[in-house]
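Which chain is which? The protein sequence lines are A and B, in order.
Just so we're aligned, residue 3 is where the first sequence starts under our numbering, counting upward by one.
Just so we're aligned, residue 3 is where the second sequence starts under our numbering, counting upward by one.
In this text, a Cβ means the ideal position worked out from N, Cα and C, and glycines have one as well.
Number of protein chains: 2
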Amino acid sequence: MLFHFKTQFPELNVFWDKYLEFQTRLEIPAKTVLLEEGKISQQYIFIEKGCVRTFFNNNGNDKTVQFFFENEGLASLESFVNNIPSQFTIETIESSVVYLLPKQYVTQLLHELSQVPDFMQLLLQIFSRRLTHYTKELVSFIRDTPEERYQNLLSERPHIVQRVPQHYIASYLGVSTVHLSRIKSKLAKGKPHF
Amino acid sequence: MLFHFKTQFPELNVFWDKYLEFQTRLEIPAKTVLLEEGKISQQYIFIEKGCVRTFFNNNGNDKTVQFFFENEGLASLESFVNNIPSQFTIETIESSVVYLLPKQYVTQLLHELSQVPDFMQLLLQIFSRRLTHYTKELVSFIRDTPEERYQNLLSERPHIVQRVPQHYIASYLGVSTVHLSRIKSKLAKGKPHF
DNA sequence: TGAACTTGATAACATATGTTATCGTCCGGG
DNA sequence: CCCGGACGATAACATATGTTATCAAGTTCA
Chain A
3 MLFHFKTQFP
13 ELNVFWDKYL
23 EFQTRLEIPA
33 KTVLLEEGKI
43 SQQYIFIEKG
53 CVRTFFNNNG
63 NDKTVQFFFE
73 NEGLASLESF
83 VNNIPSQFTI
93 ETIESSVVYL
103 LPKQYVTQLL
113 HELSQVPDFM
123 QLLLQIFSRR
133 LTHYTKELVS
143 FIRDTPEERY
153 QNLLSERPHI
163 VQRVPQHYIA
173 SYLGVSTVHL
183 SRIKSKLAKG
193 KPHF
Chain B
3 MLFHFKTQFP
13 ELNVFWDKYL
23 EFQTRLEIPA
33 KTVLLEEGKI
43 SQQYIFIEKG
53 CVRTFFNNNG
63 NDKTVQFFFE
73 NEGLASLESF
83 VNNIPSQFTI
93 ETIESSVVYL
103 LPKQYVTQLL
113 HELSQVPDFM
123 QLLLQIFSRR
133 LTHYTKELVS
143 FIRDTPEERY
153 QNLLSERPHI
163 VQRVPQHYIA
173 SYLGVSTVHL
183 SRIKSKLAKG
193 KPHF
């Protein structure tokens, strides 16, 4: 997944803004597929309103990998950079408004950015953040029980739990919807709120 | 984790070789800690002989994340780049011979490399490979059963199974040693070799 | 060589989690 | 206004996996 230059590095806005004119605005309903697993990513996606998830198919059983919300951007990075099929599908959860920037312009943009002094340092930082994110996800999967993962989600990213339908949460946590229900009811008993 | 410039990109050897003189050679026994979880990575490690693993501690219960062998190099990337504590411990599995290149020289090396035309493209490729690796690990954890993960390991990286003690494999697969034994004995029944 | 340690297998039992089925609620479109 | 679909809770049962304990076969090292 890519990052969004604009929000993360204001000093790069000037570059980003040059490409605004090449973006396409889309208003799309829930469950619209923006990139299909197995296809090659052709555009960078920026979310103005709504939310999307990335997932992969496992015998008709979706596994959600990540959620994205307003003012976040994404693309299948490996697919983008190496021109290989995407591991994931990208799909809206709610009806959304997104902007699409075709790959050729992203490549151009990256090329322009490579002229910026110390851009490599930025790039290193960006990637090490992404790597950190994925290794943390991995570690959490290895180390934590689904119940712990749910509690982490609740405390660290409560907006996800509030906004996203529960079966997507279950698929993100790596458990069945039934078991997530169990976890919730167990937690509810432990900590009654009044 | 970093990559090893030298083996992956021969055209960069000339840069790498300039730093050979700053490397320290170490002969160390099994179970030697090269970087401790929570400390800041101070050097890049290159393995001449032997093998090492990275793991994190979970209530005295190690969880192995990755294995490295001859002619591979590693460092805690995030720790390196951002000067933050490493999420993992790096430890030898067998008695090994390693070379250490202090961080300051790696930084210098990276700076020199940033002068190379199109180095950014290389860097993008390097990082997208790393990202792909971690996302594949993550996907495998989410999608596959421990038995499937073991079979994947057997078919794709049999040298690991042959060389690494079984309890490290179990910890890498995310199961108890007892359960890995069960998996092995189950597979042995299914496919008798004679 | 003997003792301590490491490695691995197995059994018995406990717990966690998946699967299937059923039910209730809510919500949006005809 | 009603109906169907999406969403979520729960029960009953099946399976996967962890935990603890025990044993056996190497390995290392004094």
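Beta-carbon gap between residue i and residue j smaller than 8 Å
i	j	result
A:S130	B:E80	yes
A:R55	A:Y101	no
B:Q45	B:P87	no
A:A32	A:S97	yes
A:L156	A:I171	no
A:N60	B:R145	yes
B:D64	B:S173	yes
A:T34	A:N73	no
B:L36	B:I92	yes
A:F11	A:L111	no
A:E29	A:V118	no
Contact with chain A by residue i, beta-carbon distance below 8 Å
i	result
B:G176	yes
B:Y107	no
B:I185	no
B:V118	no
B:V83	yes
B:T179	no
B:R132	yes
B:F69	no
B:K65	yes
B:E38	no
B:I144	yes
Sequence-distant residues of its chain with Cβ nearer than 7 Å to residue i (five each side left out)
i	result
B:R165	C53
B:K41	P87, S88
B:P194	Note that B:P194 scores 48 on pLDDT, short of 50, meaning its location in the model is unreliable and no value can be drawn from it.
A:L125	none
A:Q168	T179, L182
A:V163	L155, L156, I171
Beta bridge counterpart(s) of residue i as assigned by DSSP
i	result
B:Q117	Answer is none; B:Q117 lacks a bridge partner.
A:P12	Answer is none; A:P12 lacks a bridge partner.
A:R27	A:Y101
B:Y46	B:L103
A:R55	A:F69, A:E93
A:L182	According to DSSP, A:L182 bridges with nothing at all.
B:L76	B:I47
A:L37	A:I92
B:P87	B:I42
Cβ of residue i within 8 Å of any chain B Cβ
i	result
A:N154	no
A:P194	Low local confidence applies: a pLDDT of 49 at A:P194 is under 50, so the model's placement there is unreliable, with the coordinate-based value given in what follows. So, not an interface residue.
A:L126	yes
A:L182	no
A:Q44	no
A:Y21	no
A:Y165	Residue identity differs from the one stated: residue 165 of chain A is Arg in this sequence, not Tyr. False, the Cβ-Cβ gap to chain B never drops below 8 Å.
A:Q89	yes
A:E139	yes
A:I92	no
Neighbour-count burial assignment, residue i, 16 or more Cβ in a 10 Å radius
i	result
A:G2	A query on residue 2 of chain A cannot be resolved here, the shown segment of chain A reaching from 3 to 196 and no further.
A:V83	buried
A:R159	exposed
B:S187	exposed
B:Q180	According to the sequence shown, residue 180 of chain B is Val rather than Gln. Classification for B:V180: exposed.
B:E23	exposed
A:T109	exposed
A:E50	exposed
B:E13	exposed
B:E139	buried
Close beta carbons around residue i, own chain, < 6 Å, minus the five adjacent residues each side
i	result
A:R132	none
A:F121	L115
B:Y107	Y21, F24
B:E38	T91
B:V177	P148
A:Q68	T56
A:S43	L37, A77, S78, S81, F82, S88
A:F48	G75, Y101
Residue i CB to nearest heavy atom of the ligand ZN below 7 Å
i	result
A:G40	Judged by which ligands are present, the structure shown has none, so any question about the ligand ZN falls away.
8 Å CB neighbourhood of residue i in its chain, flanking five on each side removed
i	result
B:Y136	none
A:E149	I185, K188, L189
A:L175	P148, R151, Y152, L155, L182
B:H161	F71
B:F58	E39, D64, K65, V67, Q89, F90, T91
A:N85	I42
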